[in-house]
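K.L.:
Residue numbers for the sequence shown follow our numbering, beginning at 221 and rising by one.
Even for Gly, the Cβ is constructed at its ideal location relative to N, Cα and C.
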Amino acid sequence: IRKSYHGFHPAPWYLCCRSLSGAGTLRWNDYDRPKEFNFASDVLDYWTQMEQEGKRGPNPALWWVNNQGDEVKWSFREMTDLSRRAANVFTQTCGLQQGDRLALVLPRVPEWWLVVIGCIRAGIIFMPGTTQMKAKDILYRLQVSKAQGIMTTDTLAPEVDSLVSECPALKTKLLVSDHSRHGWLDFRSLIKSASPDHTCIKSKTLDPMAIFFTSGTTGFPKMAKHSHGLALRSFLPSCRKCLQLKTSDVLWSISDPGWILAVLGCLFEPWTSGSTLFIHHLPQFDPKVIQETLFKYPITQCLAAPAVYRMILQQIPTSLRFPALEHCITGGEALLPEEQEEWRRRTGVLLYEVYGQSETGISCGTLRGMKIKPGSMGISIPPFDIQIIDEKGNILPLNTEGNIGIRIKPTKPIGLFMCYEDNPVKTAEVECGDFYNTGDRATMDEEGYIWFLGRNDDIINSSGYRIGPAEVENALAEHPAVAESAVVSSPDPIRKEVVKAFIVLTPEFLSHDQDQLTQELQQHVKSVTAPYKYPRKVEFVPELPKTITGKIKRSELRKKEFGQL
Ligand code: BCO
Numbered sequence: 221i222r223k224s225y226h227g228f229h230p231a232p233w234y235l236c237c238r239s240l241s242g243a244g245t246l247r248w249n250d251y252d253r254p255k256e257f258n259f260a261s262d263v264l265d266y267w268t269q270m271e272q273e274g275k276r277g278p279n280p281a282l283w284w285v286n287n288q289g290d291e292v293k294w295s296f297r298e299m300t301d302l303s304r305r306a307a308n309v310f311t312q313t314c315g316l317q318q319g320d321r322l323a324l325v326l327p328r329v330p331e332w333w334l335v336v337i338g339c340i341r342a343g344i345i346f347m348p349g350t351t352q353m354k355a356k357d358i359l360y361r362l363q364v365s366k367a368q369g370i371m372t373t374d375t376l377a378p379e380v381d382s383l384v385s386e387c388p389a390l391k392t393k394l395l396v397s398d399h400s401r402h403g404w405l406d407f408r409s410l411i412k413s414a415s416p417d418h419t420c421i422k423s424k425t426l427d428p429m430a431i432f433f434t435s436g437t438t439g440f441p442k443m444a445k446h447s448h449g450l451a452l453r454s455f456l457p458s459c460r461k462c463l464q465l466k467t468s469d470v471l472w473s474i475s476d477p478g479w480i481l482a483v484l485g486c487l488f489e490p491w492t493s494g495s496t497l498f499i500h501h502l503p504q505f506d507p508k509v510i511q512e513t514l515f516k517y518p519i520t521q522c523l524a525a526p527a528v529y530r531m532i533l534q535q536i537p538t539s540l541r542f543p544a545l546e547h548c549i550t551g552g553e554a555l556l557p558e559e560q561e562e563w564r565r566r567t568g569v570l571l572y573e574v575y576g577q578s579e580t581g582i583s584c585g586t587l588r589g590m591k592i593k594p595g596s597m598g599i600s601i602p603p604f605d606i607q608i609i610d611e612k613g614n615i616l617p618l619n620t621e622g623n624i625g626i627r628i629k630p631t632k633p634i635g636l637f638m639c640y641e642d643n644p645v646k647t648a649e650v651e652c653g654d655f656y657n658t659g660d661r662a663t664m665d666e667e668g669y670i671w672f673l674g675r676n677d678d679i680i681n682s683s684g685y686r687i688g689p690a691e692v693e694n695a696l697a698e699h700p701a702v703a704e705s706a707v708v709s710s711p712d713p714i715r716k717e718v719v720k721a722f723i724v725l726t727p728e729f730l731s732h733d734q735d736q737l738t739q740e741l742q743q744h745v746k747s748v749t750a751p752y753k754y755p756r757k758v759e760f761v762p763e764l765p766k767t768i769t770g771k772i773k774r775s776e777l778r779k780k781e782f783g784q785l
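(1) With a 10 Å radius around its C-beta and 16 neighbouring C-beta atoms as the bar for buried, classify THR208 as buried or exposed.
(2) DSSP beta-bridge partners for MET443?
(3) Is SER578 buried or exposed, if buried means 16 or more other CB atoms sit within 10 Å of its CB?
(4) So for ASP610, helix, strand or coil by DSSP?
(5) Looking at C-beta atoms only, is the number of pairs between the segment 279-292 and the segment 361-379 that lie closer than 8 Å three or more?
(6) Measuring only the C-alpha atoms, how far is MET531 from ILE421?
(7) Excluding the 5 residues preceding and the 5 following THR513 in the sequence, name in chain order all residues of the same chain whose CB lies nearer than 7 Å to its CB.
(8) Taking the alpha-carbon of HIS418 as reference, which of LEU362, ALA306, ARG253 has the nearest alpha-carbon?
(9) Tell me whether LYS442, by its Cβ, gets closer than 7 Å to a heavy atom of ligand 1.
(10) Starting from the Cα of LEU383, find the closest Cα among LEU359, PRO518, SER583, SER705 and give me that residue.
(11) Look up VAL483 in the DSSP assignment and say whether it is helix, strand or coil.
(12) From the DSSP output, read off the bridge partner residues of CYS639.
(13) Does the beta carbon of PRO765 fall short of 7 Å from some heavy atom of ligand 1?
(14) If you run the structure through DSSP and keep just helix, strand and coil, what is LYS766?
(15) Could you spell out the range, first to last residue, of the alpha helix (DSSP H) harbouring GLN734?
(16) Looking at C-beta atoms only, is the number of pairs between the segment 588-595 and the segment 644-654 that lie closer than 8 Å three or more?
(17) Tell me the residue span of the beta strand (DSSP E) that contains TYR517.
(18) Answer yes or no: the CB of ILE680 versus the heavy atoms of ligand 1, is any distance below 7 Å?
(19) I'd like the span of the beta strand (DSSP E) that includes ARG564, first residue to last.
(20) Excluding the 5 residues preceding and the 5 following LEU785 in the sequence, name in chain order all residues of the same chain whose CB lies nearer than 8 Å to its CB.
(21) List the endpoints of the continuous beta strand (DSSP E) containing GLN577.
(22) Taking only heavy atoms of ligand 1 into account, decide whether any of them is closer than 7 Å to the Cβ of TRP472.
(23) When you measure from the CB of PHE604 to every non-hydrogen atom of ligand 1, does any distance come out below 7 Å?
(24) Nearest-angstrom Cα distance between PRO765 and LYS442?
(25) Straight-line CA distance for ASP398 to THR492?
(26) Compute every distance between the C-beta of MET839 and the non-hydrogen atoms of ligand 1, then say whether any falls below 7 Å.
(27) Should ILE599 and CYS584 be called a contact, given that it needs their Cβ atoms to be closer than 8 Å?
(28) Have a look at CYS339 and HIS448 and give me their C-alpha separation to the nearest angstrom.
(29) Taking all protein chains shown into account, decide if ALA231 is buried (16 or more other Cβ within 10 angstroms of its Cβ) or exposed.
(30) Less than 6 Å between C-beta atoms, sequence neighbours within five positions excluded: which residues of the same chain meet that for CYS548?
(31) Flag LYS720 as yes when its Cβ comes closer than 7 Å to any non-hydrogen atom of ligand 3, and as no otherwise.
(32) Closest to MET429 by C-alpha separation, out of ASP654, MET638, GLU271, would be which residue?
(33) Quick one: grab the DSSP three-state call for VAL650.
(34) Assess contact between the segment 708-719 and the segment 314-326, defined as three or more Cβ pairs (one per stretch) separated by less than 8 Å. Is contact present?
(35) For GLU466, which three-state DSSP category applies?
(36) Compute the minimum distance between the beta carbon of LYS746 and the heavy atoms of ligand 1, and state whether it is under 7 Å.
Structure representation (structure tokens):
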């Protein structure tokens with residue numbers, strides 16, 4: 221068995237722990253599996269105690285700002301107090317119980333953090349989702365998960381009301397707003413009146429904590445279920461070497477709260493180390509606002525998808541020498557060596573890549589201070605043991621292309637998803653010998669560095685979003701102009717890949733203006749499903765390539781797009 225740590229010899233774990241201030245120093249090593257773990261009581265409340273004992277500086281735990289000049293600064297003590305109140309709102313006012321599910325569809329508002337920690341305290345399984353979702357996306361999630369509760373804002377509340385009769389399990393609707401709405405509980409008022417006394421559940425490390433919806437090649441998104449072990453993983457020594465956060469650090473994670481990257485980068489990672497988490501509301505993505513924010517606030521670390529750094533480099537010609545910025549991290553899609561170099565040249569700060577999925581969290585990366593090999597995603601981070609495997613789960617020789625596999629036998633590592641909920645078939649499909657098969661292709665070199673090559677299936681990764689072609693094809697099929705369609709990935713200078721739809725028109729639309737039709741179909745997709753999935757490229761074709769059994773050959777279309785045919 222090849223070791224994951226080729227060429228990279230970390231200091232003994234206890235030395236690493238000692239050099240990092242943090243909750244429960246010297247408590248667990250990478251391979252310990254404590255029976256019980258709860259992020260709220262084991263980590264957050266620890267920092268509250270440190271604050272009270274004067275053992276942590278005055279920096280807030282959460283520092284939130286928006287474009288209107290509003291600012292929220294909460295200490296760990298306030299986070300403890302407010303999240304205990306949130307837990308009481310869930311259990312006492314809403315009647316939610318341990319194991320119940322709450323769909324969480326909020327923009328970057330401070331309440332998001334209270335809800336997640338409140339859920340962890342009460343053992344309620346939280347299910348984050350992007351606010352770009354439309355009624356159908358939400359309906360699917362509520363039905364398939366049998367969620368007992370949903371929390372959202374004014375924008376999506378009418379959509380939820382329109383579908384609530386089709387969700388018999390849903391008993392609680394919570395609104396985060398300054399206004400009240402009939403049939404909804406007002407979370408902001410409830411928090412004020414709730415008791416700050418709450419006894420955190422004693423969660424087993426392997427009890428379920430969260431569900432992330434993740435797109436596949438066929439059908440609707442699957443539910444990747446994670447245990448409290450996901451939060452424990454951020455705590456383990458090797459994982460902490462990735463960012464090496466200190467209590468004095470201010471980390472800005474620019475990910476939508478609907479993704480696992482936000483749960484890790486905007487919560488578990490910074491607070492495990494007692495650092496300050498910085499958040500800009502950022503209702504629309506705007507590179508200029510990001511540049512200004514990095515100038516204005518003492519942000520020392522920044523975590524964002526490669527597309528964010530790429531768009532800043534492409535759209536901001538002026539200075540990018542930020543006063544406090546020391547360390548940048550990126551993940552969610554592949555980073556080009558030229559972009560990494562350009563970022564270093566223009567900012568003076570190195571950009572480190574990490575890799576993961578909704579199923580895995582951060583699985584490998586170039587740890588802070590480690591040699592960067594441009595184009596590589598770094599090495600596997602224990603307790604994950606990443607190997608490059610063939611279709612049967614055999615480990616392939618070095619520098620040979622294969623699938624990225626994470627060892628799950630004899631023991632599944634802490635932090636890897638538990639299963640696709642209610643879907644044993646799909647769960648079994650991704651098990652490959654002793655490994656979880658990520659479906660991503662890569663090679664590994666002599667020093668254990670992993671070099672990403674692409675997907676082994678039809679999934680599209682556009683600016684960090686994982687998009688299942690079937691979801692877009694289903695949305696297109698609802699339009700009367702579309703007889704059939706095939707959706708594939710296509711190259712793009714800004715987003716690396718974009719969604720492209722090949723469309724066969726119905727006879728009545730054959731004579732329509734094609735530019736107008738393209739726009740109409742794009743608008744249509746944006747209106748029926750989360751807009752990030754819309755086809756940025758459209759081509760009308762007389763027919764689609766098919767196999768003898770009538771299956772559309774997406775791979776043929778994709779290869780043509782990338783000039784491989
Ligand atoms: O580009 P267009 O203007 O034509 O369309 C955009 C939006 O304007 C539009 N839109 C958004 N909300 C809408 C809407 N249209 C109608 N109604 C609404 N409510 O839809 C399109 C959305 O595309 P976008 O989100 O890519 O927009 P944008 O503003 O260009 O954002 C750029 C990025 C880089 C900020 C964004 O693409 C992004 O956040 N990417 C990163 C995603 C990410 O965090 N991935 C990580 C996943 S977790 C993971 O990989 C595991 C790692 C451990």
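P.N.:
The answer reads as follows:
(1) The chain is shown only over 221 to 785; residue 208 falls outside these bounds and no answer can be derived.
(2) The residue you call residue 443 lines up with position 223 of the sequence shown. Beta-bridge partners assigned by DSSP to MET443: PHE433.
(3) Numbered from 1 along the sequence shown, position 358 holds the residue referred to as residue 578. Classification for SER578: buried.
(4) Looking up residue 610 in the sequence shown gives position 390. Note: ASP610 maps to coil in three-state DSSP.
(5) no
(6) Taking the first residue of the sequence shown as 1, we reach residue 531 at position 311. Taking the first residue of the sequence shown as 1, we reach residue 421 at position 201. Each residue's CA atom was taken as its position, placing MET531 and ILE421 some 43 Å apart.
(7) Counting from 1 along the sequence shown, the entry for residue 513 is found at position 293. Contacts found: HIS500.
(8) Mapped onto the sequence shown, residue 418 falls at position 198. Among LEU362, ALA306, ARG253, the Cα nearest to that of HIS418 is on ALA306.
(9) Counted from its first residue, the sequence shown places residue 442 at position 222. No, ligand 1 has no heavy atom inside 7 Å of this Cβ.
(10) Here the question's residue 383 lines up with position 163 in the sequence shown. It is LEU359 whose Cα lies nearest to the Cα of LEU383.
(11) Sequence index remark: in the sequence shown, residue 483 carries index 263 (1-based). Of the three classes helix, strand and coil, the one that applies to VAL483 here is helix, per DSSP.
(12) On the sequence shown, residue 639 is found 419 positions in, with the first residue counted as 1. According to DSSP, which records beta bridges pairwise, CYS639 is partnered with LYS445.
(13) Residue numbering aside, residue 765 sits at position 545 when the sequence shown is read from its first letter. Result no, Cβ not under 7 Å from ligand 1.
(14) Within the sequence shown, residue 766 is the residue found at index 546, counting from 1. Residue state, collapsed to three classes: strand.
(15) Against the sequence shown, residue 734 aligns to sequence position 514. That run of the alpha helix (DSSP H) goes 734-748.
(16) no
(17) Along the sequence shown, one-based indexing puts residue 517 at 297. For TYR517, no beta strand (DSSP E) encloses it, and the DSSP letter there is neither H nor E.
(18) Numbered from 1 along the sequence shown, position 460 holds the residue referred to as residue 680. No, the beta carbon of ILE680 sits no closer than 7 Å to any heavy atom of ligand 1.
(19) The residue given as residue 564 occupies position 344 in the sequence shown. Unbroken run through ARG564 is the alpha helix (DSSP H), 557-567; no beta strand (DSSP E).
(20) Start at 1 with the first residue of the sequence shown, and residue 785 comes out as number 565. Only GLU776, LYS779 meet the Cβ criterion.
(21) By 1-based counting over the sequence shown, the position of residue 577 is 357. Note, GLN577: beta strand (DSSP E), 571-577.
(22) Translated into positions along the sequence shown, residue 472 becomes position 252. False, no ligand heavy atom lies under 7 Å from that Cβ.
(23) Stepping through the sequence shown from its first residue, residue 604 is reached at position 384. Not so, every heavy atom of ligand 1 lies at least 7 Å from the Cβ.
(24) Position 545 of the sequence shown, counted from the start, is the residue given in the question as residue 765. Position 222 of the sequence shown, counted from the start, is the residue given in the question as residue 442. Cα to Cα, the separation comes out at about 28 Å.
(25) Mapped onto the sequence shown, residue 398 falls at position 178. Mapped onto the sequence shown, residue 492 falls at position 272. Near 32 Å, if we compare the C-alpha coordinates of THR492 and ASP398.
(26) Nothing about residue 839 can be reported from this structure: the residues present for the chain run from 221 to 785 only.
(27) Position 379 of the sequence shown, counted from the first residue, corresponds to residue 599. Position 364 of the sequence shown, counted from the first residue, corresponds to residue 584. A contact, by the Cβ cut-off of 8 Å.
(28) For the purposes of this step, residue 339 is taken as the residue at position 119 of the sequence shown. For the purposes of this step, residue 448 is taken as the residue at position 228 of the sequence shown. The alpha-carbon atoms of CYS339 and HIS448 are separated by roughly 12 Å.
(29) Here residue 231 refers to the residue found at position 11 of the sequence shown. At ALA231, the pLDDT of 34 sits below 50, so the modelled position is not reliable and the matter cannot be decided from this model.
(30) The residue you call residue 548 lines up with position 328 of the sequence shown. Taken in chain order, the residues that qualify are CYS522, VAL569, LEU571.
(31) As presented, the structure is devoid of ligand 3, carrying ligand 1 as its sole ligands.
(32) Against the sequence shown, residue 429 aligns to sequence position 209. Of ASP654, MET638, GLU271, the residue nearest in Cα terms is MET638.
(33) In the sequence shown, counting from the first residue as 1, residue 650 sits at position 430. Three-state DSSP puts VAL650 in coil, outside helix and strand.
(34) no
(35) Within the sequence shown, numbered from 1, the residue matching residue 466 stands at position 246. Looking at the sequence itself, residue 466 is Lys, so the reference to Glu does not match. Residue state, collapsed to three classes: coil.
(36) The residue labelled residue 746 in the question sits at position 526 within the sequence shown. At least one heavy atom of ligand 1 is nearer than 7 Å to the Cβ of LYS746, so yes.
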